[in-house]
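Trainee: Below is one structure. I have some questions about it.
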Amino acid sequence: MKISPKMKKALNDQIALESSAANSYLAMASWCEVTGYQGAADFFYAQSDEEKTHMLKIVHYLNDIGAVATIPAIKAPVSSYKSLEGLIKTALKNEQAVTKAIHKMVEIAQKEKDHGTYAFLEWFVNEQVQEETKFETILQKFDLLGRDKLGINEIDKVLAADAAAPEPAA
Ligand SMILES: [Fe+2]
Ligand SMILES: [Fe+2]
Numbered sequence: 263m264k265i266s267p268k269m270k271k272a273l274n275d276q277i278a279l280e281s282s283a284a285n286s287y288l289a290m291a292s293w294c295e296v297t298g299y300q301g302a303a304d305f306f307y308a309q310s311d312e313e314k315t316h317m318l319k320i321v322h323y324l325n326d327i328g329a330v331a332t333i334p335a336i337k338a339p340v341s342s343y344k345s346l347e348g349l350i351k352t353a354l355k356n357e358q359a360v361t362k363a364i365h366k367m368v369e370i371a372q373k374e375k376d377h378g379t380y381a382f383l384e385w386f387v388n389e390q391v392q393e394e395t396k397f398e399t400i401l402q403k404f405d406l407l408g409r410d411k412l413g414i415n416e417i418d419k420v421l422a423a424d425a426a427a428p429e430p431a432a
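Residues 263 to 432 in the working numbering are what the sequence shown lists, from first letter to last.
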């Protein structure tokens with residue numbers, strides 16, 4: 263299958279975006295771990311692994327169609343946060359940026375009548391709906407459970423439970 267240079271560039275840019283999301287979540291996990299939020303640390307270590315699988319999906323797609331993936335250098339992520347809530351807000355913003363990029367790729371695929379890439383991207387469109395909902399739901403917990411030590415401890419437990427739950431098949 264042949265894809266346009268524009269589509270190929272967008273997919274390669276997405277490899278960089280997923281890769282930097284993986285790196286950013288790894289830094290968040292590490293911050294949570296040293297701060298004493300073990301549940302949140304488990305959650306973000308798992309989240310980082312997930313982003314790596316997203317990156318690999320695109321690498322394999324490009325290579326399988328003979329377009330050749332480019333593995334990018336990634337910038338050092340932010341490594342320090344003021345609060346768990348601030349960290350989760352940053353994560354939600356990350357996800358919103360990723361969603362935008364994916365929607366742009368879908369538009370390119372539509373415009374170019376690239377049905378193969380369009381079908382490939384459908385999984386990512388659905389994934390982003392879930393990802394944004396996931397982080398919005400966690401953010402809501404700060405209003406529901408509170409921002410004091412007890413509230414944060416409860417939220418940490420919620421995140422631990424999420425990290426322990428089996429991932430739905432991708
Ligand atoms: Fe992702
Ligand atoms: Fe994500």
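Each residue gets a CB set at the ideal place from its N, CA and C atoms; glycine is no exception. Since this is a predicted model, take the numbers as computed values, not measurements.
#1: As an exercise, report each continuous alpha helix (DSSP H) stretch of at least 4 residues that is fully enclosed by the region 346-389, in chain order.
#2: Cutting at 7 Å between CB atoms, please list the residues of its own chain near Thr379, excluding the five before and the five after it.
#3: Ligand 1 and His322: does any heavy atom of the ligand fall closer than 7 Å to the residue's C-beta?
#4: How is Asp311 classed by DSSP in three states: helix, strand or coil?
#5: With DSSP run on the structure shown, which of helix, strand or coil describes Tyr287?
#6: Among Tyr323, Thr332, Ile417 and Lys396, which residue has its Cα nearest to the Cα of Asn356?
#7: Express the C-alpha separation of Met367 and Leu324 in angstroms, rounding to a whole number.
#8: Suppose you measure from the CA of Asp361 to the CA of Lys411; what does that come to, to the nearest Å?
#9: Please state whether the Cβ-Cβ distance between Glu394 and Leu354 is less than 8 Å.
#10: In whole angstroms, give me the CA-to-CA distance for Phe306 and Leu288.
#11: Output yes or no for whether 8 Å exceeds the beta carbon distance between Leu383 and Trp293.
#12: Please find out if some non-hydrogen atom of ligand 2 comes closer than 7 Å to the beta-carbon of Val360.
#13: Taking just the CA atoms, how far does Lys271 sit from His365?
#14: On the DSSP letters alone, give me the boundaries of the alpha helix (DSSP H) that Val420 sits inside.
#15: Output yes or no for whether 8 Å exceeds the beta carbon distance between Lys403 and Val420.
#16: For ligand 2, any of its heavy atoms closer than 7 Å to the Cβ of Gln374?
Mentor: In terms of the structure at hand:
#1: 346-373
#2: Ile265, Met269 and Ala371
#3: no
#4: helix
#5: helix
#6: Lys396
#7: 14 Å
#8: Here residue 361 turns out to be Thr, not Asp, going by the sequence shown. The alpha-carbon atoms of Thr361 and Lys411 are separated by roughly 33 Å.
#9: Contact flag set, yes.
#10: 7 Å
#11: no
#12: Result yes, Cβ under 7 Å from ligand 2.
#13: 15 Å
#14: Lys411 to Ala426
#15: Between Lys403 and Val420, the CB-CB gap stays under 8 Å.
#16: According to the sequence shown, residue 374 is Glu rather than Gln. Every heavy atom of ligand 2 is 7 Å or more from the Cβ of Glu374, so no.
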